[in-house]
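When we follow our numbering, the leftmost residue of the sequence shown carries the number 4, and every step to the right adds one.
Presented below is the structure to which this report refers.
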Amino acid sequence: MASQETVCIRCGKIRIFARRWKEKTEKGSVIIHEETVCPDPDCQKIVEAKFEEMRKKRELLKR
């Protein structure tokens with residue numbers, strides 16, 4: 004399976020492969036997930052914190 008290069012939303016560097024895993028759905032389909040991260044660990048921490056903040060805001064809006 005060929006991977007598509009993506010860039011970090013914060014610094015613009017090419018993201019690197021972190022991990023891959025498979026998940027089987029109830030209907031038997033297999034979904035392959037691939038996680039990429041910024042090569043700069045400090046930048047990645049900031050991006051993760053920003054995403055967590057966005058998730059919390061979405062959860063509050065759902066209530």
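Don't be surprised by glycine CBs; every beta carbon is placed ideally from N, CA and C.
Cα atoms of Val33 and Trp24: separation of roughly 10 Å, rounded to the nearest angstrom. Arg61: member of the alpha helix (DSSP H) spanning Pro44 to Lys65, first to last residue. The three-state secondary structure of Glu29, taken from DSSP, is coil. Collapsing the DSSP output to three states places Thr9 in coil.
Residues of the same chain with a CB within less than 8 Å of the CB of Cys46, apart from the 5 flanking positions on each side, are Cys11, Arg13, Cys14 and Lys16 in chain order.
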